[in-house]
Amino acid sequence: MTEARTPPVFGKRTEPHTVIIARGDQIRHFTVRPWVAALAGSVIAAFAIGYLLATSYLVLRDDLIGATVARQARLQQAYEDRISALRAQVDRITSRQLLDQQLMENKVAELLGRQAELSARDGRLRPLLERAGGERLPRSAPLPSQKPDLRADLSAMTGFAAAAPKTAAAAILDGFAASAPDPLTTGSVADEADRIFVQINQSLRRIETEQITRLRDLTENAYQTADSISEALKSAGLSLDTGYGEKDVGGPLVALEAPAAFEAEVTELDEALNTLDAIKAAARRFPIANPVPGQPVSSSFGVRKDPLLGRPAHHSGMDFRARTGHPVRAAGAGVVVKAGWNGGYGRMVEIDHGEGLTTRYAHMSKVLVRKGQKIENGAVVGKVGSSGRSTGPHLHYEIRRKGSAINPLRMIKVGKKIRQFL
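With the sequence shown counted from 1, adding 2 to any position gets you the working numbering.
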């Protein structure tokens, strides 16, 4: 009977391979199954592929290394370029800061120099201002008495205080460095410094202008005062031997810078005050003061009725009613040429004032000077009385020019007019 076989569902079954190894009398065999052979083939194939890849890497390795090296070189070059750019930027900032520092130091030195110049001017101005103040000139705008404190101004403007051990320039720079904005984002520190220095410079220039203006005003006032005294004396027939107003002037106009202008104004003011002093000294010699200030006039100069004879007679002076013992003062500076009893004048003092002018003080009760004595303007020369040809206590006052009597009232009016300047 024939046995029926079931056909395979998954195909023909592969039989395993048998490997027989004979060695002498020993025979060994082992069976290699299909999956083991497949695994071994896969391993061999993987090894072959790895070998091929390794060989390819070794062949192409130089190109890969070169590319890597080139990439690293490019990165390094980029970093070096960046570092160089940053270093150049830092150098530019440092250079600009050094330049700003130098500019500020120069400006501070210039301003401090101008402040020192103003201080020196103040020292020169004080004696002149004291002289001008003593001359009783018409008042003008006051001169700034305080010198500008440059360091204080800079401290206030920049918001810092200067340290004692540091120089002014160093302190200013430290203040700017602490308070100034970043120059990379908001501009240079020098821009802010320029604004501050301009303000200080304007303040110093304003003080210089005020000084020169004040000097010019004082000079003009001195000349005006001298003119007033001179004109008043000339109106009374008194001439000044000072040469004032007799100079011929002229020439080209030469503009002066600020320092030269200040020196010129100081020189001009000094000359004006010297001229005024000379005119005042000359005016004090003239008999223009009242010998008994505040006392009433009892008899004027000219023709009048003689108090003793009752007939018209020429009165060669002025009579001032005053109590006995009232002080009699010299009407001007001079030298005593007579002092004592002089006939109808009674006790009399006569003073020579120069320029042919003399004054007489008569009927005094007491003489307080001696012949040859130098007398200052306003000095007491005696006391009122009624000596000589007199009807009562009074002062008989005469002014004579080259021996001829002139009206004293004219001189006294001139003295009142210019008294405020003397």
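For glycine and all other residues, C-beta sits at the position ideal for the given N, C-alpha and C.
Distance, residue j Cα to residue i Cα
{"i": "residue 296", "j": "residue 127", "result": "39 Å"}
{"i": "residue 290", "j": "residue 129", "result": "30 Å"}
{"i": "residue 134", "j": "residue 267", "result": "14 Å"}
{"i": "residue 42", "j": "residue 65", "result": "35 Å"}
{"i": "residue 365", "j": "residue 121", "result": "60 Å"}
{"i": "residue 60", "j": "residue 73", "result": "20 Å"}
{"i": "residue 68", "j": "residue 20", "result": "54 Å"}
{"i": "residue 274", "j": "residue 103", "result": "47 Å"}
{"i": "residue 418", "j": "residue 424", "result": "10 Å"}
{"i": "residue 264", "j": "residue 287", "result": "35 Å"}
{"i": "residue 54", "j": "residue 40", "result": "21 Å"}
{"i": "residue 145", "j": "residue 222", "result": "Because residue 145 sits at a pLDDT of 43, beneath the cut-off of 50, its placement in the model cannot be relied upon, and the following sentence gives the value as read from the coordinates. Rounded to the nearest angstrom, the two C-alpha atoms are 15 Å apart."}
{"i": "residue 210", "j": "residue 123", "result": "9 Å"}
{"i": "residue 105", "j": "residue 82", "result": "34 Å"}
{"i": "residue 407", "j": "residue 327", "result": "26 Å"}
{"i": "residue 356", "j": "residue 131", "result": "32 Å"}
{"i": "residue 422", "j": "residue 298", "result": "22 Å"}
{"i": "residue 270", "j": "residue 227", "result": "15 Å"}
{"i": "residue 50", "j": "residue 58", "result": "12 Å"}
{"i": "residue 208", "j": "residue 114", "result": "16 Å"}
{"i": "residue 428", "j": "residue 71", "result": "Because the chain here runs from 3 to 424, residue 428 falls outside it and cannot be looked at."}
{"i": "residue 201", "j": "residue 112", "result": "14 Å"}
{"i": "residue 28", "j": "residue 56", "result": "43 Å"}
{"i": "residue 36", "j": "residue 44", "result": "12 Å"}
{"i": "residue 84", "j": "residue 101", "result": "26 Å"}
{"i": "residue 204", "j": "residue 196", "result": "12 Å"}
{"i": "residue 300", "j": "residue 276", "result": "41 Å"}
{"i": "residue 86", "j": "residue 46", "result": "57 Å"}
Spatial neighbours of residue i in its chain, beta-carbon cut-off 7 Å, leaving aside the 5 residues before and after
{"i": "residue 394", "result": "388"}
{"i": "residue 403", "result": "358 and 359"}
{"i": "residue 76", "result": "none"}
{"i": "residue 303", "result": "317, 319, 320, 409, 410 and 411"}
{"i": "residue 38", "result": "none"}
{"i": "residue 242", "result": "232, 235, 281 and 284"}
{"i": "residue 214", "result": "263, 264 and 267"}
{"i": "residue 420", "result": "230, 231, 234 and 285"}
{"i": "residue 363", "result": "293, 330, 350, 351, 383, 384, 397 and 399"}
{"i": "residue 405", "result": "none"}
{"i": "residue 343", "result": "349"}
Bridge partners - residue i, DSSP secondary structure assignment
{"i": "residue 213", "result": "According to DSSP, residue 213 bridges with nothing at all."}
{"i": "residue 328", "result": "DSSP lists no partner for residue 328."}
{"i": "residue 400", "result": "362"}
{"i": "residue 322", "result": "299 and 397"}
{"i": "residue 340", "result": "352"}
{"i": "residue 385", "result": "329 and 368"}
{"i": "residue 304", "result": "317"}
{"i": "residue 22", "result": "31"}
{"i": "residue 408", "result": "401"}
{"i": "residue 419", "result": "Residue 419 pairs with nothing; no bridge assigned."}
{"i": "residue 377", "result": "336"}
Own chain partners of residue i with C-beta closer than 8 Å, once the 5 adjacent residues on each side are dropped
{"i": "residue 305", "result": "314, 315, 316 and 317"}
{"i": "residue 325", "result": "386 and 395"}
Own chain, CB closer than 6 Å to residue i, minus 5 neighbours either side, in chain order
{"i": "residue 361", "result": "289, 333, 353 and 401"}
{"i": "residue 292", "result": "414"}
{"i": "residue 341", "result": "351, 369, 371, 372 and 373"}
{"i": "residue 23", "result": "30"}
{"i": "residue 339", "result": "352 and 354"}
{"i": "residue 391", "result": "346"}
{"i": "residue 199", "result": "109"}
{"i": "residue 416", "result": "234, 238 and 290"}
{"i": "residue 337", "result": "354 and 376"}
{"i": "residue 225", "result": "274"}
{"i": "residue 442", "result": "In the structure as shown, the chain starts at 3 and stops at 424, and residue 442 therefore has no counterpart that could be examined."}
{"i": "residue 335", "result": "286, 287, 378 and 379"}
Segment contact flag, the stretch 275-283 with the stretch 361-372, C-beta cutoff 8 Å, min 3 pairs: Short answer: they don't touch.
Segment contact, 8 Å Cβ cut-off, at least three pairs: the stretch 326-346 with the stretch 375-393: By the Cβ criterion, the stretch 326-346 is in contact with the stretch 375-393, since at least three pairs of Cβ atoms, one from each stretch, lie closer than 8 Å.
Three-pair Cβ contact test at 8 Å for the stretch 213-231 versus the stretch 88-105: No, the stretch 213-231 is not in contact with the stretch 88-105.
The stretch 394-405 in contact with the stretch 314-326 per 3-pair CB rule at 8 Å: With the rule of 3 Cβ pairs closer than 8 Å, the stretch 394-405 counts as touching the stretch 314-326.
Entirely enclosed beta strand (DSSP E) segments - the stretch 26-72, minimum 3 residues: The beta strand (DSSP E) runs of length 3 or more contained entirely in the stretch 26-72 are, from start to end of the chain, 28-34.
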